[in-house]
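Sequential numbering of the sequence shown, starting at 5, is according to the numbering used here.
Heads up, the beta-carbon is just placed ideally off N, CA and C, and yes, glycines get one too.
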Amino acid sequence: MKISLLDLTEQYKQLEQEILPAVTEVLASGRYIMGENVRRFEEEAARYLGAEHAVAVANGTDALFLILRALGIGPGDEVITTPFTFFASAETISLCGAKPVFVDLRPDTMNIDEEQVEAAITPRTKAILPVHIFGQPCAMDKLQNIADKHQLILLEDACQAIGSSYLGKMTGTLAKAAAFSFFPTKNLGCCGDGGMITTDDEQLAHRLRLLRLHGSKQKYIHSLVGQNSRLDELQAAILRIKLRHLDKWNQKRRELAARYNQAFADLPLTLPLEFTGTHVYHLYVLRSPHRDEICAYLEDKGIATGHYYPVPLHLQEVYRDLGYREGSLPVAEKACKTAFAIPLYPEMTKQTQDCVIQAVRGFYE
Ligand SMILES: *Cc1c(COP(=O)(O)O)cnc(C)c1O
């Protein structure tokens, strides 16, 4: 039997009866861009998260880029972020002409270490962009204190963490603005590319709406140089359906994670720690110095594993000129050598999970 990291076909099978009529309706409507589904998805997502404004965009990378652009971050500016994330978190900082400054991780959660952020602040620092890695919120209260003290803008890369919360507030409402991705494998994924920005700042929301649509509020009248970054009606219709299932799916992820934790408690593995708030387990990530042997063993038994992330961003070739070396950010570098994801998705049955548990235990027997 092959067990994959997640199974999107199983999710589609369960939702087919809901999705097909919604998709057919959009197809028959002739309205494919900026229609009723996008408008209503934005309302429903904002209400779900408790955010004042939700602005749907083409993907999570654009969500990050548009936030930075809308805030006027550019050449000469620095943005503090984590080296242990998907490339887009730093890529978008570079794309707007600013410089990413990487801060090492907390060893327990693998999120940015708030204790080390202050030392990385310079007169050029404009913003802090923490990433809620694998679905676990960062220590946003502590980061907000630092941001306030130094008059910096605090942001959120919430692409992996939709539905999680911290100190009773949903991720996406914990900073000036947040970026979400609806890439198919995310906890809330569409059937293509999609993304969203949330903010409580009305002026910022207005600027984001202009920027995503060629700087235009009224057709063919342009007040800004914007870009084309729209969510389409088909994706919005699908997301409206899936949003209604999200809490149930995240709860299922949490139950499966708790079951893994219990099953592995006596093994020499570093389990994902739930720090505070709710972790929504976008990925279930273990750590072991024998990572490569374990993964080879599991793959041999037909069980998929994933290396998140094989190379920390500060050691990527593209960032060679930033001056980081091997050893600059030791916790992140160690995480890249020891972390691995095993299958976890809401539709996973206990029997399937038991196969994974047995195989992991088998490695140690
Ligand atoms: C997926 C992801 C992104 C990018 O989202 P896309 O929709 O693929 O552009 C950015 N940051 C993080 C942390 C992600 O996981």
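Same chain, Cβ closer than 6 Å to Q148, neighbours up to 5 away in sequence not counted: Once the five neighbours on either side are set aside, the close Cβ partners of Q148 are L158.
Selected residue, minimal CA-CA separation from N191, among T202, K17, L70, L287: L287
T65 CB to nearest heavy atom of ligand 1 below 8 Å: yes
Buried versus exposed, by CB contacts within 10 Å (16 or more), P141: buried
Distance cut-off 8 Å: L68 Cβ against heavy atoms of ligand 1: Judged by the Cβ position, L68 qualifies as a neighbour of ligand 1 at the 8 Å threshold, a heavy atom of the ligand being closer than this.
Closer than 8 Å: F90 CB and nearest ligand 3 heavy atom: The model depicted lacks ligand 3 and carries ligand 1 instead.
Backbone CA spacing between Q362 and P79 [nearest angstrom]: 52 Å
G54 vs T177 beta-carbon contact at 9 Å: yes
Q222, buried or exposed, once every other Cβ within 10 Å from all chains shown has been counted against 16: exposed
Of the listed residues A60, E46, V289, Q164, nearest to A262 (C-alpha basis): V289
Supposed contact pair Q357 and L260 - C-beta distance, whole angstroms, cut 8 Å: Going by Cβ atoms, the distance from L260 to Q357 rounds to 6 Å, so yes, they are a contact pair.
Range covered by the beta strand (DSSP E) that runs through Q222: 220 to 222
Beta strand (DSSP E) segments (min. 3 residues) lying fully within the stretch 209 to 243: 220 to 222
Identity of the residue in Q21, C340, L348 nearest F4 by Cα: Outside the shown range of the chain, which is 5 to 369, sits residue 4, and nothing can be said about it.
Three-state class that DSSP yields for A181 in the structure shown: strand
Cβ contact (3+ pairs, closer than 8 Å) linking the stretch 34 to 50 and the stretch 230 to 237: yes
Per DSSP, the bridge partner or partners of F344: Per the DSSP secondary-structure output, F344 pairs in a beta bridge with L290.
Local conformation of Y3 per DSSP, three classes: Given a span of 5 to 369 for the chain in the structure shown, any question on residue 3 remains unanswerable.
Residue range of the beta strand (DSSP E) that includes I84: Its beta strand (DSSP E) spans residues 82 to 85.
Selected residue, minimal CA-CA separation from S93, among K252, A183, E337: A183
Check: A49 C-beta below 8 Å from any heavy atom of ligand 1: no
Segment contact flag, the stretch 70 to 88 with the stretch 167 to 174, C-beta cutoff 8 Å, min 3 pairs: no
Residue nearest to Q231 in terms of C-alpha spacing, selected from A58, D304, R73, Q355: R73
Cα-Cα separation between R291 and P134, rounded to whole angstroms: 21 Å
Length of the line joining the Cα atoms of E351 and Y301: A direct Cα-to-Cα measurement between E351 and Y301 gives close to 24 Å.
T126 versus F88: straight-line alpha-carbon distance, rounded: 21 Å
Identity of the residue in R258, D117, M200, D161 nearest A179 by Cα: D161
Beta-bridge partners of Y264, as assigned by DSSP: In DSSP, Y264 forms no bridge with anything.
Proximity of F138 and Y264 at Cβ, strictly below 9 Å: No.
Rounded C-alpha distance that separates R329 from Y52: 43 Å
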